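Here is the structure we will look at.
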Amino acid sequence: MPISRIFIGLLVVSAFADAFLPTHSFLETSYRGHQSRHKLTTRACEAGTVLSSFNRRQLFATSSLAAGAWGASPSLGLAMSDAAPIGYKDLPVSVGGVSIPVSIWYPVDEGDRSATAAPAQAKYPHKISVGKIATLLTRGQLSVPSFVGPSTSLKSGIRVVQGAAHSEGRPAVVFAHGYLGSRYDMMHVCEDLASKGFVVAAPELPESLAAGFEPNDDTTRPAIVAATLNALRLNYATSSDVGIFGHSA
């Protein structure tokens, strides 16, 4: 069998496994029962600086093995009955003429009574692009049709209100996912930070495995992060306190 077919097969299998066991789920299970292998630490101080470090999967192809070994994982976030409701919006930013998907989690304005009547759990649509994975790993030497790749819905860990009114003057935090990651990798941590009073933004970056956008020379990590912070200031009137966490291990 040609090597290219074997490689494409591994991409498809691992991508589908990743759809059913996203990185955040893998890390959550590790946090509860396997702290010696995968450490996740998040600290937020009053100045708004967030420090996070974790050992992330280096080879996404092993996700199928992880799915079989760990299965469904519990939520790292607060129990839904205990956590204050938070808001969520998709807020795309433009970089180099490209629309970049950005997820925003934020504290709900106390005057927004609709937040308490919202559904207990939100769903985030997530599509994995096998074509992008192949392009990144082979530096453009292997082409995979764009329609190849699973779609799934990721469930929130606490009560999330789509489009709820937000409060102003909050410290901002940016989650920057790692190589072959996505903006939802640490979504339960982002939700938890929002419930603690932070406005959290998670942009898709050029090395994402998600089918969010096609990168060009202008869509660099620094440019996307800068555009994301600017969008937070304009749309959420965030304070000057800014933190960033994530990246590759």
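Residues -19 to -1, 1 to 230 (mature numbering (1 follows the signal peptide of the UniProt record, and there is no 0)) are what the sequence shown spells out, left to right.
Glycine residues also receive a C-beta, built at the ideal position from the N, C-alpha and C atoms.
Quick caveat: nothing in here was measured; it's all calculated off a predicted structure.
Nearest residue (CA-CA) to lysine 177, options Ser84, Pro152, Asn211, Gly78:
Taking the first residue of the sequence shown as position 1, residue 177 is located at position 196. Cα-wise, what sits closest to lysine 177 is Pro152.
Taking the alpha-carbon positions, what's the leucine 190 to alanine 65 distance?
The residue given as residue 190 occupies position 209 in the sequence shown. The residue given as residue 65 occupies position 84 in the sequence shown. Roughly 31 Å between the two C-alpha positions.
Which of helix, strand or coil does DSSP assign to alanine 147?
The residue labelled residue 147 in the question sits at position 166 within the sequence shown. Reading off the sequence, residue 147 comes out as histidine, not alanine. Strand at histidine 147.
With distances taken between CB atoms, is the gap from glutamate 188 to tyrosine 160 smaller than 8 Å?
Counted from its first residue, the sequence shown places residue 188 at position 207. Counted from its first residue, the sequence shown places residue 160 at position 179. In this structure, tyrosine 160 lies closer than 8 Å to glutamate 188 by Cβ.
With H, G and I counted as helix, E and B as strand and the rest as coil, what does DSSP make of leucine 186?
Locating residue 186 in the sequence shown gives position 205, where the first residue counts as 1. DSSP places leucine 186 in coil when its eight states are reduced to three.
Between which two residues does the alpha helix (DSSP H) harbouring tyrosine 217 extend?
If you number the sequence shown from 1, residue 217 lands on position 236. Looking at the DSSP string, the run of the alpha helix (DSSP H) that includes tyrosine 217 is 202 to 217.
Where does serine 163 land, buried or exposed, given buried means 16+ other C-beta within 10 angstroms?
In the sequence shown, the residue the question calls residue 163 occupies position 182. So serine 163 counts as buried.
May I have the straight-line CA-CA distance separating proline 88 from serine 148, to the nearest angstrom?
Position 107 of the sequence shown, counted from the first residue, corresponds to residue 88. Position 167 of the sequence shown, counted from the first residue, corresponds to residue 148. Cα to Cα, proline 88 sits roughly 7 Å from serine 148.
With DSSP as the reference, label leucine 72 as helix, strand or coil.
For the purposes of this step, residue 72 is taken as residue 91 along the sequence shown, with counting starting at 1. In the structure shown, leucine 72 sits in coil (DSSP, three-state: anything other than H, G, I, E or B).
So, at 8 Å on beta carbons, what are the nonlocal neighbours of lysine 104 in its own chain, with the 5 sequence-adjacent residues on each side left out?
The residue you call residue 104 lines up with position 123 of the sequence shown. Cβ within range, chain order: Ser134, Leu135, Lys136, Ser137.
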